[in-house]
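Each remark here refers to the structure printed beneath this line.
2 protein chains.
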Amino acid sequence: MHILILGAAGMVGRKLLDRLVRDCRLGGETITRFTLHDVVAPEAPAGTGVPVSLSASDFSLPGEAERLVAARPDVIVHLAAIVSGEAEADFDKGYRINLDGTRRLFDAVRAIGDGYRPRLVFTSSIAVFGAPMPDAIGDEYLTAPLTSYGTQKAIGELLLSDYTRRGIFDGVGIRLPTICVRPGKPNKAASGFFSGIIREPLAGQEAILPVSDGVRHWHASPRAAIGFLLHAATIDGARLGDRRNLTMPGVAVTVAEQIEALRRVAGDAVAARIRHQPDPVIERIVAGWPRGFDPRRAIELGFTAEPDFETIIRAHIEDELGGRIAA
Amino acid sequence: MHILILGAAGMVGRKLLDRLVRDCRLGGETITRFTLHDVVAPEAPAGTGVPVSLSASDFSLPGEAERLVAARPDVIVHLAAIVSGEAEADFDKGYRINLDGTRRLFDAVRAIGDGYRPRLVFTSSIAVFGAPMPDAIGDEYLTAPLTSYGTQKAIGELLLSDYTRRGIFDGVGIRLPTICVRPGKPNKAASGFFSGIIREPLAGQEAILPVSDGVRHWHASPRAAIGFLLHAATIDGARLGDRRNLTMPGVAVTVAEQIEALRRVAGDAVAARIRHQPDPVIERIVAGWPRGFDPRRAIELGFTAEPDFETIIRAHIEDELGGRIAA
Ligand SMILES: NC(=O)c1ccc[n+]([C@@H]2O[C@H](COP(=O)([O-])OP(=O)(O)OC[C@H]3O[C@@H](n4cnc5c(N)ncnc54)[C@H](O)[C@@H]3O)[C@@H](O)[C@H]2O)c1
Ligand SMILES: NC(=O)c1ccc[n+]([C@@H]2O[C@H](COP(=O)([O-])OP(=O)(O)OC[C@H]3O[C@@H](n4cnc5c(N)ncnc54)[C@H](O)[C@@H]3O)[C@@H](O)[C@H]2O)c1
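Protein chains in written order, with full-length UniProt numbering: chain A, 1 to 327; chain B, 1 to 327.
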């Protein structure tokens, strides 16, 4: 089985690759080749006997997607995207990469046209939803995004379903929750603090909380995200019917509940490293975000996330901190 | 006020133009110029002193949209599209005209970029919805189309909202019900029989009913459609908030109720001209279509349709038959 990962140098891409290299198999089949693509040169994984092709380019440029699918990968995992803040700040870049790039990839598969029909996993986002929204958004709720990023993801979802319906590929779109705890350095995403208020205190550093602790949001760990991707790559597509995009399960918690979970897992001293410093800009952005979901279809189809936020914190401590908390 | 109509040679375009020529005004302002565009050369309206520019080309070709908006129309009514059946039969043509053409039009407005911000009316369709659906689809129901045409319209809706949110234009998208009674010759649209079973008998001809008379669907007259367009062209955009696409009101009736209304309006002899001849292909297509809506937002915003199907039939007799029924 040949697996192509677009956006392989990103946070999710690297974790997915680690897992696939470890497993050597996907859905009962032996992995025979990896193609790793990103605009940032992806690193070759250590310790695998599986042949790896590395490729670096902007996948949205004409001809790039054709080149990438020419080797007919069995599974295409499409993670390449620019994130919300950048797509909002740079209109042209967002539409070019997130929309045109995605469509060119889909059309490149179509252009082969001789019965080639790969599994195509598309990572959408809960940003396809916009206020007003119920506390628990159901699987039949309108996708009415309030950002260009969300718009581009929602369009990708529509194309994914239509191309799948037409037999061009076998698409599965997964709307990832906010991935928490995101490892690495703090980034400038407006959602960054949801991870920061856990990651920084556990590492002995102060974290800023820019919103009220009553804010409720929808989270899943990086570990859960990799589980979603593996399941999306292997599930029988027929079980999804014509609606190929699924809201992934997650944990709905308020910031206060996040902090309480941190206190239970790591103690008062760690939780005391969070400083509340309201930022009206971030507060306004976050007010337009989903608070929670009722993702029945995904659960029935076997996608699973953490049962609670404590488990999310413990996964971070195990996977990123070698089990150690900075006292 | 300068009004640009794209798709001006079509059924809705011609009726809209007739009405505007008659009114000479739109939303309290005097109309000072019409630009009429279609791939089929549009006809100049008779009896108007208002200057009319006629233009024929494929609006989806590079440069065409730029040319059309260069004169900075105050209102752009975008009706140009290829319909459901053709977009399904010709993948490339559907995506090129219905999606790329629409996006090029939107981008042409953006390219002017000096504060020009026209009202842009986009005609979407109830084909943005796909089964399974409730009997009365609410304003927050997921758009999950089951045709490429519906996919292209749903994408147009998403772009319309995002471009409006960014201040590029002031967009209003209206999801038209099936327009019934569609005047003119029978066409090959799978929905054609909904009009045919009224239009043909009233004209003294036999009509074929290819589905069971229990089929329920959502209708509005051409007259109502023109009312929707005029209201969409003039409503205060701020009243719509960020969700710029509205399901239009209509009449939900079964085919049996359509036939009963025909009998009441025109008598038994006319209603007897309908012959039931099941067509499994059309039955299957129609099974995936909406049966009705609960379009509260549009009603609250002042969009109005007929109260019942009899009124739709009477509008057809008045507007198309000069009041006369073929006995
Ligand atoms: N992390 C989250 O919380 C989250 C939530 C919802 C959805 N998602 C989606 O999941 C996917 C992966 O997320 P992530 O957290 O790993 O993001 P990331 O930013 O860490 O990784 C995305 C990768 O895509 C690459 N990329 C961007 N533009 C490219 C281009 N033109 N050509 C080739 N590669 C390009 C980037 O270099 C980056 O390595 C993305 O599509 C993202 O939108 C993530
Ligand atoms: N009539 C209905 O029941 C109905 C229902 C829902 C939505 N709509 C939408 O309303 C709009 C008007 O509908 P209508 O019934 O008048 O359709 P129509 O087919 O009568 O008119 C559409 C017009 O667009 C023109 N056109 C097509 N491709 C073009 C191109 N590339 N460049 C320029 N012009 C082009 C056609 O020549 C035609 O004159 C369409 O967008 C349609 O999708 C109609």
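Quick reminder that beta carbons are idealized off the backbone N, C-alpha and C, glycines included.
Exposed or buried, what is residue i when buried is set at 16 or more other beta-carbons lying within 10 Å of its beta-carbon?
| i | result |
| --- | --- |
| B:Ala46 | exposed |
| A:Gln258 | buried |
| A:Val40 | exposed |
| B:His217 | buried |
| B:Asp23 | exposed |
| residue 394 of chain A | The displayed coordinates of chain A run from 1 to 327. Any statement about residue 394 of chain A would go beyond what the structure contains. |
| B:His219 | buried |
| A:Ser212 | exposed |
| A:Asp162 | buried |
| A:Ala298 | buried |
| B:Pro62 | exposed |
| B:Arg166 | exposed |
| A:Arg89 | Residue identity check: residue 89 of chain A is Ala in the sequence provided, not Arg. A:Ala89 comes out exposed. |
| B:Gly227 | buried |
Nearest by alpha-carbon distance to residue i: which of the options is it?
| i | options | result |
| --- | --- | --- |
| B:Leu209 | B:Val281, B:Val128, B:Leu17 | B:Val281 |
| B:Arg296 | B:Ile137, B:Gly184, B:Met1 | B:Ile137 |
| B:Phe122 | B:Arg263, B:Ala305, B:Ile325, B:His231 | B:His231 |
| A:Gly13 | A:Leu68, A:His316, A:Ala44 | A:Ala44 |
| A:Ile317 | A:Pro278, A:Glu260, A:Glu200 | A:Glu200 |
| B:Pro51 | B:Thr30, B:Glu86, B:Glu66 | B:Thr30 |
| A:Arg275 | A:Gly241, A:Ile197, A:Phe106, A:Asp319 | A:Ile197 |
| B:Ala87 | B:Gly323, B:Ala189, B:Gly241 | B:Ala189 |
| A:Gly85 | A:Leu321, A:Ala305, A:Asp294, A:Val286 | A:Val286 |
In its own chain, which residues sit with a C-beta less than 6 Å from the C-beta of residue i, not counting the 5 before and 5 after it?
| i | result |
| --- | --- |
| A:Pro222 | Lys15, Ile179 |
| B:Leu36 | Ile5, Ala8, Pro42, Leu54 |
| A:Asp135 | Arg291, Gly292 |
Distance check for residue j and residue i, CA to CA, integer angstroms please.
| i | j | result |
| --- | --- | --- |
| A:Ala81 | A:Asn98 | 5 Å |
| A:Glu310 | A:Gly250 | 13 Å |
| A:Phe303 | A:Ser125 | 16 Å |
| B:Ala327 | B:Val181 | 19 Å |
| B:Ser148 | B:Gly94 | 7 Å |
| A:Met248 | A:Val172 | 12 Å |
| A:Gly115 | A:Pro73 | 13 Å |
| B:Arg25 | B:Leu79 | 20 Å |
| A:Gly288 | A:Ser60 | 29 Å |
| B:Pro183 | B:Val83 | 16 Å |
| B:Arg263 | B:Ala271 | 5 Å |
| B:Pro307 | B:Ala266 | 19 Å |
| B:Gly101 | B:Ala108 | 10 Å |
| A:Gln277 | A:Asn187 | 17 Å |
| B:Ser195 | B:Leu20 | 25 Å |
| A:Arg96 | A:Ala131 | 26 Å |
| B:Ile76 | B:Leu159 | 16 Å |
| B:Asp92 | B:Arg243 | 29 Å |
| A:Glu320 | A:Gly204 | 14 Å |
| B:Leu17 | B:Ala225 | 13 Å |
| A:Ile313 | A:Ala261 | 8 Å |
Sorted by chain position, which residues of the same chain lie with C-beta nearer than 8 Å to residue i's C-beta, five sequence neighbours on each side aside?
| i | result |
| --- | --- |
| A:Arg239 | Leu301 |
| B:Met133 | Tyr141, Pro290, Arg291 |
| A:Gly214 | Thr254, Val255, Ala256 |
| A:Thr170 | A small fix is needed here, since residue 170 of chain A is Asp in this sequence, not Thr. Closer than 8 Å at Cβ, skipping near neighbours: Arg117, Pro118, Arg119, Leu120, Thr164, Gly237. |
| A:Phe193 | Ala207, Ile208, Leu209, Pro210, Val211, Ile282 |
| B:Leu68 | Leu4, Leu6, Thr35, His37, Ser55, Phe59, Leu105, Ala108 |
Whose C-beta lies closer than 7 Å to the C-beta of residue i among residues of the same chain, with five residues either side of it excluded?
| i | result |
| --- | --- |
| A:Ser57 | Val39, Glu64 |
| B:Val128 | Thr143, Pro145, Gly150, Lys153, Ala154, Glu157, Arg175 |
| B:Thr234 | Leu26, Gly27 |
| A:Ala70 | none |
| A:Ser191 | Thr178 |
| B:Gly323 | Ile317 |
Just to check, is the beta-carbon of residue i closer than 6 Å to a non-hydrogen atom of ligand 3?
| i | result |
| --- | --- |
| B:Ala81 | Absence of ligand 3 is noted for the structure shown, with ligand 1 and ligand 2 being the only ligands found. |
### Contacting positions in the region 172-199 of chain A - beta carbon closer than 9 Å to chain B
Identification of residues in the region 172-199 of chain A having a C-beta nearer than 9 Å to some C-beta of chain B yields an empty set.
### Query
Taking any Cβ of chain A, which residues in the region 104-117 of chain B have a Cβ under 7 Å from it, in chain order?
Shown here is that no member of the region 104-117 of chain B has a Cβ falling below 7 Å from a Cβ of chain A.
### Task
Using a Cβ-Cβ cut-off of less than 9 Å, list which residues of the region 66-87 of chain B approach chain A; keep chain order.
In summary, no residue of the region 66-87 of chain B has a CB separated from any CB of chain A by less than 9 Å.
### Task
With 8 Å as the limit, tell me which residues of the region 217-245 of chain B have their beta carbon closer than that to any beta carbon of chain A; keep them in chain order.
Those residues of the region 217-245 of chain B that come within reach of chain A (Cβ to Cβ, closer than 8 Å) are Asp242, Arg243.
### Query
For the region 246-272 of chain B, which residues have a CB atom closer than 9 Å to at least one CB atom of chain A, in sequence order?
Hits within the stretch: zero.
### Query
According to a CB-to-CB cut-off of less than 9 Å, which residues of the region 30-61 of chain A neighbour chain B?
Against chain B - using a Cβ distance shorter than 9 Å - the region 30-61 of chain A contributes no residues.
### Selection of the region 149-163 of chain B by Cβ proximity to chain A, strictly under 8 Å
Only those residues of the region 149-163 of chain B whose C-beta falls short of 8 Å from the nearest C-beta of chain A are listed: Thr151, Ala154, Ile155, Leu158, Leu159, Ser161, Asp162.
### Proximal residues, the region 289-301 of chain A versus chain B, C-beta separation under 9 Å
The region 289-301 of chain A vs chain B, Cβ under 9 Å: nothing.
### Message
By the 8 Å beta-carbon criterion, what residues does the region 118-130 of chain B contribute toward chain A?
### Response
Taking 8 Å as the Cβ-Cβ cut-off against chain A, the residues of the region 118-130 of chain B that qualify are Gly130.
### Message
At a CB distance below 8 Å, what residues from the region 132-144 of chain B approach chain A? Give them in sequence order.
### Response
Cβ contacts with chain A come from Asp139, Glu140, Tyr141, Leu142, Thr143, Ala144.
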